[in-house]
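Student:
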Amino acid sequence: MTKRFSFSQLVLLVAALVLAALWLAPIAWAVATSLKPESETTVLPLRWFGSEITFEAYALVLSTGGILKWAINSTVTAVIVTFMTVLFSAMAAYGFARTRFKGQRALLGLILAGIMVPPQVLIAPLFAEMVAFGLVDTWWAIILPQVAAPLIVYILVKFFQDVPVELEQAAFVDGAGRWRVFFTIVLPLSRPVLAAVSIFTFINTWNNFLWPFLVSTDPNTMTLPVGLANVVQGTFGLRYAQIMASVVLAGLPLLVVFILFQRQIIRGVAHTGLAGQ
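Start counting the sequence shown at 42; every next residue gets the next number (the numbering used here).
1) Counting contacts by CB-CB distance shorter than 7 Å, is Met125 in contact with chain C?
2) Hey, quick one: how far does the alpha helix (DSSP H) through Pro192 stretch, first residue to last?
3) Quick one: give me the first and last residue of the alpha helix (DSSP H) that Pro67 is part of.
4) Considering Cα atoms alone, identify which of Leu65, Phe250, Leu290 is closest to Ala119.
5) Residues in its own chain within less than 7 Å of Leu295 by CB, not counting five upstream and five downstream?
6) Could you tell me the distance, in whole angstroms, from the CA atom of Ile226 to the CA atom of Leu208?
7) Checking 7 Å against the spacing of the C-beta atoms, do Ser130 and Ile183 come in under that value?
8) Excluding sequence positions up to five away, which residues of its chain have a Cβ less than 6 Å from the Cβ of Gly301?
9) I want to know whether the stretch 251-266 touches the stretch 70-83 - three or more CB-CB distances under 8 Å.
10) So for Trp262, helix, strand or coil by DSSP?
11) Report the CB separation of Gln283 from Ala165 in whole angstroms; it is logged as a contact under 8 Å.
12) Check whether the stretch 134-146 and the stretch 174-183 are in contact - that is, three or more C-beta pairs closer than 8 Å.
13) Measuring only the C-alpha atoms, how far is Ile108 from Val188?
14) For Gly223, which residues of its own chain have a beta-carbon under 6 Å away from its beta-carbon, when the five flanking residues on both sides are left out?
15) Here's the rule I'm using: 16 or more other beta-carbon atoms within 10 Å means buried, otherwise exposed. How should Met157 be labelled?
16) Comparing C-alpha positions only, which one of Leu151, Pro191, Arg88, Phe299 sits nearest to Ala236?
17) How would you label Ala57, buried or exposed, when you count the other beta carbons within 10 angstroms and need 16 or more for buried?
18) Below 8 Å on the Cβ atoms is my guess for Ala291 versus Pro260; work out the distance and round it to an integer in Å.
19) Just verifying my parser: in three-state terms, what is the DSSP assignment at Ala249?
20) Which class does Lys320 belong to by DSSP, given the choice of helix, strand or coil?
21) Tell me where the alpha helix (DSSP H) around Ile183 begins and ends.
22) If distances are taken between C-alpha atoms only, which option among Ser239, Arg304, Val289 comes closest to Leu128?
23) Mark Val55 as exposed unless 16 or more other C-beta atoms lie within 10 angstroms of its C-beta, in which case mark it buried.
24) Between Ser104, Ser75, Lys110, Leu85, which has its C-alpha nearest Glu93's C-alpha?
25) DSSP three-state label for Pro78, please.
26) Specify the secondary structure class of Glu93 as computed by DSSP and reduced to three states.
27) Quick check: Thr126 and Ala190, are their CB atoms within less than 7 Å of each other?
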């Protein structure tokens with residue numbers, strides 16, 4: 042039996058298809074351009090497809106030999122940043138949600154104010170701090186400034202406030218301490234929100250280009266976006282097929298992450314209200 046759509050459902054479906062097409066169009070253009078011969082990437086009028094499909098741009102980018110190292114660097118830094126960010130943010134958020142101390146509101150307000158400060162404003166003082174500590178061209182220079190995440194603290198505070206207090210009180214009666222309650226009761230109950238913020242933190246860290254670009258000039262510490270940008274600018278110049286091939290290669294791991302964890306992402310967005318972020 043054919044299912045009939047109401048007018049409102051049809052409008053929503055059409056709107057979703059239009060938005061999906063607008064979102065996918067740049068990705069499709071990047072892939073199509075990366076498969077064109079270099080001489081046809083700037084031909085006017087612009088065409089989606091070239092006279093032939095070639096993987097020459099990918100071969101030239103991959104022939105640099107640093108792709109694997111940069112990918113490993115990106116993976117290591119993204120995993121460490123994600124782990125430290127989620128752990129420290131969860132600890133701070135649980136403290137705000139379940140304990141009372143002098144200056145709590147002022148400190149929480151200061152954290153919330155950090156959400157309104159553009160990250161670009163902090164680049165100069167953070168870079169000076171990394172230079173002072175001698176951390177430039179090290180992984181810690183890339184990792185440490187990204188661990189502070191006021192938005193994640195705020196999201197977790199709101200989530201922990203909704204966790205039933207009775208569960209923790211029962212554990213306290215049985216002799217459990219605050220740390221044991223946090224790690225054995227609160228964190229397991231918070232898996233949806235923790236999964237969501239972990240995935241978003243990983244994606245943001247992987248995509249971060251500006252900060253790693255400023256603090257890493259050593260190829261051994263470069264992340265994948267920085268390494269590919271240096272290859273394209275330093276070796277190939279403005280050759281658009283190689284640029285688009287680099288973009289596609291840098292985005293493939295994130296596509297894999299989304300495919301593997303799309304259920305956790307959707308559940309996390311539904312439970313934590315991250316849809317507007």
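Note that beta-carbon positions come from the ideal geometry of N, C-alpha and C, so glycine has one too.
All values derive from a computational prediction rather than experimental measurement.
Tutor: For this structure:
1) You won't find chain C in this structure, because it holds only one protein chain.
2) This sequence places Leu at residue 192; Pro is not what is there. Looking at the DSSP string, the run of the alpha helix (DSSP H) that includes Leu192 is 191-202.
3) Annotation for Pro67: the continuous alpha helix (DSSP H) segment containing it runs 48-75.
4) Of the candidates Leu65, Phe250, Leu290, the one whose C-alpha sits nearest the C-alpha of Ala119 is Phe250.
5) Excluding positions up to five away in sequence, the list reads Ile244, Trp247.
6) Straight-line Cα distance between these residues: approximately 8 Å.
7) Taking 7 Å as the Cβ cut-off, Ser130 and Ile183 do not qualify as a contacting pair.
8) The sequence given here has Leu at residue 301, not Gly. Within the same chain, Leu301 has no close Cβ partners at all.
9) Because the criterion of three Cβ pairs below 8 Å is not met, the stretch 251-266 and the stretch 70-83 do not touch.
10) It is Thr, not Trp, that sits at residue 262 in the sequence shown. In the structure shown, Thr262 sits in coil (DSSP, three-state: anything other than H, G, I, E or B).
11) Not a contact, Cβ separation roughly 32 Å.
12) Fewer than three pairs of CB atoms, one per stretch, sit closer than 8 Å, so the stretch 134-146 makes no contact with the stretch 174-183.
13) Taking the straight line joining both Cα atoms gives about 25 Å.
14) The residue asked about is misnamed: residue 223 is Phe in this sequence, not Gly. Excluding sequence positions up to five before and after Phe223, its CB lies within less than 6 Å of the CB of Tyr135, all in the same chain and listed in chain order.
15) By the 10 Å Cβ count, Met157 comes out exposed.
16) Ranked by Cα distance from Ala236, the options Leu151, Pro191, Arg88, Phe299 are led by Phe299.
17) With fewer than 16 other Cβ atoms within 10 Å, it is exposed.
18) Not a contact, Cβ separation roughly 16 Å.
19) Reading off the sequence shown, one finds Asn at residue 249, where the question assumed Ala. The answer is coil: DSSP assigns Asn249 none of H, G, I, E or B.
20) No statement about residue 320 is possible, as the shown extent of the chain runs from 42 to 318 and does not include it.
21) DSSP places Ile183 inside the alpha helix (DSSP H), whose first and last residues are 180-188.
22) Among Ser239, Arg304, Val289, the Cα nearest to that of Leu128 belongs to Ser239.
23) That one is exposed.
24) Glu93 has its Cα closest to that of Ser75, out of Ser104, Ser75, Lys110, Leu85.
25) In the structure shown, Pro78 sits in coil (DSSP, three-state: anything other than H, G, I, E or B).
26) DSSP places Glu93 outside both helix and strand once states are collapsed to three, so it counts as coil.
27) Yes. Within cutoff.
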